[in-house]
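J.:
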Amino acid sequence: MIYIITGTSSGIGKALAKFYLKNGDHVIGISRNNSISHEHFTHVKCDLSDKTQLHEIALLEHVDKSNYPIRLINNAGIIGDIHRSHELTLTHYVDMAMVNLVAPQFLCSYVLQTFGFENVDTIINITSGAGQRPVPSWGAYCASKAGIDLFAETLHEEIKELGKSTKIYNVAPGVVDTKMQTNIRGSEDENFSRRQDFVQLKENNELRTPEEVALLLDEFLNTEHPEEEGIIHRI
15 MIYIITGTSS GIGKALAKFY LKNGDHVIGI SRNNSISHEH FTHVKCDLSD
65 KTQLHEIALL EHVDKSNYPI RLINNAGIIG DIHRSHELTL THYVDMAMVN
115 LVAPQFLCSY VLQTFGFENV DTIINITSGA GQRPVPSWGA YCASKAGIDL
165 FAETLHEEIK ELGKSTKIYN VAPGVVDTKM QTNIRGSEDE NFSRRQDFVQ
215 LKENNELRTP EEVALLLDEF LNTEHPEEEG IIHRI
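Everything in the sequence shown is counted per my numbering, starting at 15 for the first residue and increasing by one.
1) Nearest-angstrom Cα distance between P240 and H100?
2) Which whole-angstrom value is the C-beta distance of V190 and L221, which I expect to be below 8 Å?
3) Taking only three categories from DSSP, how would you classify Y34?
4) Along the alpha helix (DSSP H) that carries S45, what are the first and last residues, could you check?
5) Assuming L62 and A117 make a contact with CB atoms under 8 Å, what is their CB distance in whole Å?
6) Using the C-alpha atoms, what's the distance from L30 back to T103?
7) By how many angstroms is the C-alpha of G91 removed from the C-alpha of T20?
8) Terminal residues of the continuous alpha helix (DSSP H) containing V108?
9) In angstroms, rounded to a whole number, what distance separates the CA positions of T22 and G43?
10) Distance, Cα to Cα, G38 vs S207?
11) Roughly how many angstroms separate the alpha carbons of A228 and S151, rounded to a whole number?
12) Could you tell me if R248 is buried or exposed, where buried requires 16 or more neighbouring beta carbons within 10 angstroms of its beta carbon?
13) Tell me which residues share the same chain as C250 and place their Cβ nearer than 7 Å to its Cβ, disregarding the 5 neighbours each side in the sequence.
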């Protein structure tokens, strides 16, 4: 199996990469920085907020067909500036859309075009419950997650129309102890009315570790999910 995973420099992405490497799989990690060294790991340097770098990404040269099939995990995500919408800049909106929405959409298209439906077993997009409800001061983040959810549902319908077998799911992992959570707790109460809720989650040891999420996601991947369950899931 070959896993193509974005955001492998830290957090969930790094935990997933290490989990599958330990499992004997091959991993291609897409991120700006890298701290993983393994004979079956290939790092592809790319800033997903940069359209030019994303356009120039090339993965075929890093793939040995004998290791097929491929699974894509679009994990990378940012929350950006935590302020109410009327205080945000164009740069915030552009970066948020590029990393959380445009990059995973493009990588879904790229992987299917490059390797073919028959060689892409599953696509996973890491989503969030914030894509299904409004969270004040997270406007762009909520919108980006709602967008990737609807995109995945549309891609799923297209795959069915074509009679292909590639599976696609969007999975929300809950509240995880990552750099994003550090940024949330570091915001100001006047800018984010729910900040104390996240501080308490940390103080009460109620955050999942990235390693726990890697185990849960692997369990999800290896479980059959009937059509009636849909493709948006929470683990």
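For glycine and all other residues, C-beta sits at the position ideal for the given N, C-alpha and C.
T.: Inspection of the coordinates gives the following:
1) 42 Å
2) At roughly 6 Å, the Cβ-Cβ gap stays under 8 Å, so V190 and L221 are in contact.
3) In this structure, Y34 counts as helix in the three-state DSSP scheme.
4) Per DSSP, S45 belongs to no alpha helix (DSSP H); it is in the beta strand (DSSP E), 40-45.
5) A117 and L62 do touch by the CB rule: their CB atoms are close to 4 Å apart, below 8 Å.
6) Put simply, the backbone Cα of T103 is about 33 Å away from that of L30.
7) 9 Å
8) 104-111
9) 6 Å
10) Roughly 45 Å between the two C-alpha positions.
11) 28 Å
12) Looking at its Cβ environment, which holds fewer than 16 other Cβ atoms inside 10 Å, R248 is exposed.
13) This structure does not reach residue 250, given that the chain is present from 15 up to 249, and the question cannot be answered.
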